Amino acid sequence: MFKSIQTSKLKSDASAGCLPSRQSLDFALAEFSSAIEMLQAAKLVESRALARGFVNHALDEYRHTEFFRRLLKSSVNNELRFDPRLSIALGFVNPEKFLFEANDLTQFTAFVAINEASALRMFSRIRPAITGATDELKNEIEGIIDDETDHLRSFTKKPTENIRYSDSFVYEMLLLDEERHASLSDGFLEKIASPRKRRWLRFRYKIGNKVRHFWGSQRRVQHFVDRSISILVISLLLPFRGVLNFPAARKDNLLCRENGKFLL
Amino acid sequence: MKYILGVSGYFHDSSVCLLKNSQLIEFVKEESLTRIKGSRGFPFRALTFLIAKYGLDNDNIDHIAFYEKPLRGWAATTYNSLAKPKRSFDLLRSQIKQFWSGPIHFASEVRKVIRIDENKLVFVPHHLSHALSALAFVSPQRQSKELLHFVFDGVGDGNTTSIFRTQKNDAQILFQQDFPHSLGLFYSAVTDYCGFLVNEGEYKLMALAAYGKPVYFDFFREHIFNIEVPKFELDMSWFDYDVSPERSYSDKWVNKFGPPILEGEINKMTGESFERAANLALSSQLILEEVINSTIEWGVKETGVQNITISGGVAQNSLAMCSASKISSIASITIPPSPGDSGAAIGAANFAKMMSGSKSLHCKEIFFGHSQLEFESALFQDMFCLEQSFSHMDEMLDDLIGSGEIICCYFGGNEIGPRALCNRSIICAANNKKSVRALNLKIKKREEFRPLAPVMLRPVAQAWFEINQKVSDCYRWMALTTTAKEKFPSEYTAVLHVDRTARVQILDDEMHPLHDFLRRNSGKIDMLVNTSFNVAGDPIVFDAIDCYVNMSRLGATYMITDNGLYSLKA
Numbered sequence: 007m008f009k010s011i012q013t014s015k016l017k018s019d020a021s022a023g024c025l026p027s028r029q030s031l032d033f034a035l036a037e038f039s040s041a042i043e044m045l046q047a048a049k050l051v052e053s054r055a056l057a058r059g060f061v062n063h064a065l066d067e068y069r070h071t072e073f074f075r076r077l078l079k080s081s082v083n084n085e086l087r088f089d090p091r092l093s094i095a096l097g098f099v100n101p102e103k104f105l106f107e108a109n110d111l112t113q114f115t116a117f118v119a120i121n122e123a124s125a126l127r128m129f130s131r132i133r134p135a136i137t138g139a140t141d142e143l144k145n146e147i148e149g150i151i152d153d154e155t156d157h158l159r160s161f162t163k164k165p166t167e168n169i170r171y172s173d174s175f176v177y178e179m180l181l182l183d184e185e186r187h188a189s190l191s192d193g194f195l196e197k198i199a200s201p202r203k204r205r206w207l208r209f210r211y212k213i214g215n216k217v218r219h220f221w222g223s224q225r226r227v228q229h230f231v232d233r234s235i236s237i238l239v240i241s242l243l244l245p246f247r248g249v250l251n252f253p254a255a256r257k258d259n260l261l262c263r264e265n266g267k268f269l270l
Numbered sequence: 005m006k007y008i009l010g011v012s013g014y015f016h017d018s019s020v021c022l023l024k025n026s027q028l029i030e031f032v033k034e035e036s037l038t039r040i041k042g043s044r045g046f047p048f049r050a051l052t053f054l055i056a057k058y059g060l061d062n063d064n065i066d067h068i069a070f071y072e073k074p075l076r077g078w079a080a081t082t083y084n085s086l087a088k089p090k091r092s093f094d095l096l097r098s099q100i101k102q103f104w105s106g107p108i109h110f111a112s113e114v115r116k117v118i119r120i121d122e123n124k125l126v127f128v129p130h131h132l133s134h135a136l137s138a139l140a141f142v143s144p145q146r147q148s149k150e151l152l153h154f155v156f157d158g159v160g161d162g163n164t165t166s167i168f169r170t171q172k173n174d175a176q177i178l179f180q181q182d183f184p185h186s187l188g189l190f191y192s193a194v195t196d197y198c199g200f201l202v203n204e205g206e207y208k209l210m211a212l213a214a215y216g217k218p219v220y221f222d223f224f225r226e227h228i229f230n231i232e233v234p235k236f237e238l239d240m241s242w243f244d245y246d247v248s249p250e251r252s253y254s255d256k257w258v259n260k261f262g263p264p265i266l267e268g269e270i271n272k273m274t275g276e277s278f279e280r281a282a283n284l285a286l287s288s289q290l291i292l293e294e295v296i297n298s299t300i301e302w303g304v305k306e307t308g309v310q311n312i313t314i315s316g317g318v319a320q321n322s323l324a325m326c327s328a329s330k331i332s333s334i335a336s337i338t339i340p341p342s343p344g345d346s347g348a349a350i351g352a353a354n355f356a357k358m359m360s361g362s363k364s365l366h367c368k369e370i371f372f373g374h375s376q377l378e379f380e381s382a383l384f385q386d387m388f389c390l391e392q393s394f395s396h397m398d399e400m401l402d403d404l405i406g407s408g409e410i411i412c413c414y415f416g417g418n419e420i421g422p423r424a425l426c427n428r429s430i431i432c433a434a435n436n437k438k439s440v441r442a443l444n445l446k447i448k449k450r451e452e453f454r455p456l457a458p459v460m461l462r463p464v465a466q467a468w469f470e471i472n473q474k475v476s477d478c479y480r481w482m483a484l485t486t487t488a489k490e491k492f493p494s495e496y497t498a499v500l501h502v503d504r505t506a507r508v509q510i511l512d513d514e515m516h517p518l519h520d521f522l523r524r525n526s527g528k529i530d531m532l533v534n535t536s537f538n539v540a541g542d543p544i545v546f547d548a549i550d551c552y553v554n555m556s557r558l559g560a561t562y563m564i565t566d567n568g569l570y571s572l573k574a
């Protein structure tokens with residue numbers, strides 16, 4: 007997971023034995039976004055070995071996305087839906103410049119290492135929610151897991167006929183994946199960057215994460231600022247409403263240069 | 005060498021098309037490159053991809069045509085919302101944000117990618133873009149005659165339904181319906197209420213209709229729709245799409261039809277929620293068809309023009325298109341392969357071509373661009389193993405499909421519409437019920453209530469399905485559904501929906517490898533099941549890495565290509 011979500015209430019929610027649907031959605035989007043980032047990195051990187059590594063990492067992240075989507079779907083009375091387009095709208099990913107394009111390989115690796123370690127910590131905190139889920143939730147997850155077994159088999163490449171994956175098992179696999187991603191990125195970073203550069207990059211991304219998480223958690227402040235500006239602009243617009251009522255489209259031949267000239 | 009670029013974007017399904025010397029040669033969806041389905045911003049990556057591939061610059065580009073009038077669209081919605089600012093506050097907020105980052109800035113966004121003269125940018129009225137995209141798929145003989153173009157849409161430039169009349173290089177507006185009275189947005193509101201994503205789940209609602217009873221049809225007619233052909237008005241107290249960017253239906257709707265339905269409840273295919281959703285799906289389908297058909301009948305009667313096209317987002321409803329094709333007063337109908345916003349990029353480019361007096365674009369092909377598979381590259385060979393070369397793969401392919409194997413296909417250029425047409429498809433034998441079921445539920449993980457589409461040769465289609473000659477060409481790209489005949493063979497019923505309809509694809513292209521397969525296996529396997537080559541919710545594959553990732557996620561082993569039959573390496 008790259009651009010991790012805000013985590014202020016994560017531990018207390020998880021202790022209560024449930025993972026709120028909003029957090030399941032955020033986790034799903036974060037995992038999905040990192041799958042996209044890894045896929046793009048695989049397409050852009052020159053090294054064949056790295057490309058294969060990024061592809062495998064992307065496959066793991068897609069699998070994690072599915073896990074959180076299942077949790078989201080099984081939430082009782084949940085109206086939230088996973089929509090991949092939200093990954094752009096909520097700023098998890100910027101399709102105009104993916105991370106691998108915005109950073110060099112060293113920076114990209116450092117970013118991945120820091121954020122995978124952060125994801126591991128965050129996922130560890132939700133253990134109570136996964137293992138302490140209500141019976142109803144567990145039953146629902148088990149039902150979905152039945153359908154998912156075949157799908158998972160293709161990733162694990164293990165002879166798993168007649169084995170049902172439990173949600174706890176999938177979750178433990180997910181933790182192992184994150185640990186592996188973090189240590190692989192860390193190891194690779196050690197090879198390509200000097201200790202001084204590593205320290206600087208780690209510092210930079212840790213601070214960056216903290217600032218992002220802090221701002222992400224200030225939803226009330228954001229809401230207040232957003233509403234205030236909107237009210238001001240709408241009040242200014244209201245007297246000029248009539249200006250926005252443009253005349254109907256032209257009645258003569260539409261297939262002419264003049265008809266294509268303007269924004270109106 | 006002269007090029008014209010057509011661009012659609014900012015709302016859903018952004019895409020770019022390229023005309024070279026007046027021929028459509030490329031069509032690239034932004035989602036293919038971002039790998040995020042329904043990517044809807046400025047098509048930055050698609051544009052960059054084409055510029056790099058063809059060396060485009062200010063000298064060799066004639067025009068870059070955008071598929072709408074950005075300021076008109078923004079102003080129409082804002083004007084409407086300002087009438088009730090308190091209720092529309094959320095929508096107004098979204099409109100304000102869009103003013104700073106939306107399509108109004110198209111010109112400056114283009115200039116971030118390519119330096120282009122101001123006068124080369126063209127802004128085409130949105131519904132005219134739709135109409136001209138349909139015109140591009142009309143035969144040249146009919147293009148020169150008078151044509152009526154019906155556009156049924158959500159909203160574009162403040163319009164929701166339009167009728168145009170064209171003859172050669174002349175186009176006139178016959179009728180336009182304004183926002184908020186919109187067929188597309190009505191159907192999306194029901195989609196939203198039934199737990200599906202707007203601009204994504206409408207085809208699921210359409211599939212659900214076959215399980216329902218029209219119990220709400222009369223209510224819709226009496227209380228929600230006021231139809232005075234060609235106009236119709238909606239009682240907006242039932243909807244919120246004109247005041248909120250978040251929810252399409254109002255509290256009044258919830259009070260009448262009950263609490264919103266969750267997608268999970270529908271997937272169980274049983275229970276009160278499923279029944280309610282199916283009944284709503286059928287009732288809304290019927291009212292949609294009534295408005296479309298009556299509008300078409302009015303247009304034909306008013307003008308006497310019997311050759312028509314239908315486009316706009318609502319034209320993706322293949323069930324409604326089947327119903328429209330049965331209108332007796334029509335001589336011919338063309339529904340383009342990509343009637344929605346994505347395909348409108350073609351219409352915008354066609355406008356730029358026609359505005360200087362040139363003839364309309366005519367597209368014979370339905371696949372554009374080139375294969376992105378580099379068979380000789382080390383990475384490709386790392387991921388895939390060549391089992392049989394193209395010239396020697398027939399026997400193995402016949403054995404694999406005959407034994408129930410599910411095969412991925414990747415040939416030549418890509419489809420331009422939302423439907424996979426055998427170039428980026430996953431196929432299996434349609435008479436192998438076990439394979440069909442596995443493909444639908446286990447591999448693609450589609451909802452059980454959604455049918456899979458069959459592909460076959462024309463003689464088979466004519467023998468087993470009601471093929472309407474007025475729309476004969478449109479079966480090549482699955483533009484409409486059709487009904488199975490009485491004598492339809494029982495071993496193929498897995499491809500029929502519960503109401504015995506199917507969205508048939510007729511494969512006419514004799515050069516296509518699957519045409520060859522079907523001819524070779526005639527009498528043994530007469531139909532293949534065809535679904536898109538992607539994981540549900542993801543875009544269709546674009547390059548080799550996408551193929552590898554999608555096949556791994558789907559658990560598929562084999563892929564046929566222009567170079568031969570490959571298996572996935574572990």
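From first to last, the protein sequence lines are chains D and H.
For the first sequence, our numbering assigns the number 7 to the initial residue and increments by one for each residue that follows.
For the second sequence, our numbering assigns the number 5 to the initial residue and increments by one for each residue that follows.
Cβ coordinates follow ideal geometry from the N, Cα and C atoms, glycine included.
All values reported here derive from a predicted model rather than from experimental measurement.
query	result
Any C-beta of chain H under 9 Å from that of D:Ser236	yes
Simplified DSSP state of H:Thr565, which is helix, strand or coil	strand
Test item: CB-CB of H:Ala457 and H:Ala506 under 9 Å	yes
Distance, H:Gln171 Cα to D:Ile235 Cα	49 Å
Contacting residues, own chain, Cβ-Cβ under 8 Å from H:Trp302 (five flanking each side not counted)	Val233 and Pro234
Simplified DSSP state of H:Gln310, which is helix, strand or coil	coil
CB contact check: H:Ala382 to chain D, cutoff 9 Å	yes
Where H:Pro184 meets chain D, residues with beta-carbon distance less than 8 Å	Per Cβ cutoff of 8 Å: no residues; H:Pro184 is ~15 Å from chain D at best.
Helix, strand or coil at H:Gln509 [DSSP, three-state]	strand
Whole-Å CB distance - H:Leu484 paired with H:Cys326, under 8 Å assumed	4 Å
Cβ-based neighbour list, H:Pro322, same chain, cut-off 6 Å, excluding 5 preceding and 5 following	Here the sequence assigns Ser to residue 322 of chain H, which means Pro is not the residue at that position. The answer, listed in chain order, is Leu484, Thr485 and Arg507.
CB contact flag (H:Ala175, D:Leu261, <9 Å)	yes
Limits of the alpha helix (DSSP H) - the one that H:Val126 falls within	First-last for H:Val126: Leu125 to Phe127, but that is the beta strand (DSSP E), not the alpha helix (DSSP H).
CA nearest to the CA of D:Phe129, picked from D:Lys212, D:Met44, D:Asp110 and D:Glu37	D:Glu37
For H:Ile339 and H:His519, the rounded distance between their alpha carbons	23 Å
Coarse secondary structure for H:Leu151, derived from DSSP in three states	strand
Selection from D:Glu85, D:Ser80, D:Lys79 and D:Leu31 that minimises the alpha carbon distance to H:Glu250	D:Glu85
Buried versus exposed, by CB contacts within 10 Å (16 or more), D:His248	One detail in the question is off: residue 248 of chain D reads as Gly in this sequence, not His. The residue is exposed, with fewer than 16 neighbouring Cβ atoms inside 10 Å.
Within chain H, partners of D:Phe252 - CB distance below 7 Å	Arg76 and Ala79
Reference H:Val246; option with closest CA among H:Asn418, H:Phe355, H:Pro107 and H:Thr81	Correcting the residue type first, residue 246 of chain H is Asp in the shown sequence and not Val. Looking at the Cα atoms, H:Thr81 is the closest of the given residues.
Coil, strand or helix - H:Leu22 by DSSP	strand
CB contact below 9 Å: D:Lys200 versus chain H	Checking the displayed sequence, the identity of residue 200 of chain D turns out to be Ser instead of Lys. Cβ-Cβ to chain H under 9 Å: no for D:Ser200.
Residue environment, D:Ala254, which counts as buried when at least 16 other CB atoms sit within 10 Å	exposed
N-terminal and C-terminal residue of the alpha helix (DSSP H) that H:Val553 is part of	Ala548 to Leu558
From H:Ser12, H:Tyr7, H:Asp17 and H:Val11, residue whose alpha carbon lies closest to that of H:Ile544	H:Asp17
N-terminal and C-terminal residue of the beta strand (DSSP E) that H:Pro458 is part of	Ala457 to Met460
Cutoff 9 Å: D:Gln113 Cβ touching any chain H Cβ	no
Beta-carbon spacing of H:Asp530, H:Ala424 below 9 Å	no
Extent of the continuous alpha helix (DSSP H) run through D:Asp32	Ser27 to Leu50
Whole-Å CB distance - D:Ala188 paired with D:Phe106, under 8 Å assumed	The Cβ separation is near 18 Å, so there is no contact.
Boundaries (first-last residue) of the beta strand (DSSP E) holding H:Val533	Leu532 to Ser536
Chain-ordered chain H contacts of D:Glu184 [CB-CB under 7 Å]	Those within 7 Å of D:Glu184 in chain H number zero; the least Cβ separation is about 19 Å.
Exposure label - H:Met555; buried when at least 16 CB within 10 Å	buried
The stretch 283-310 of chain H: positions lying closer than 7 Å to chain D by Cβ	none
Cβ contact check for the stretch 290-306 of chain H and the stretch 151-163 of chain H: 3 or more pairs under 8 Å	yes
Alpha-carbon to alpha-carbon, D:Thr112 and D:Ala199	7 Å
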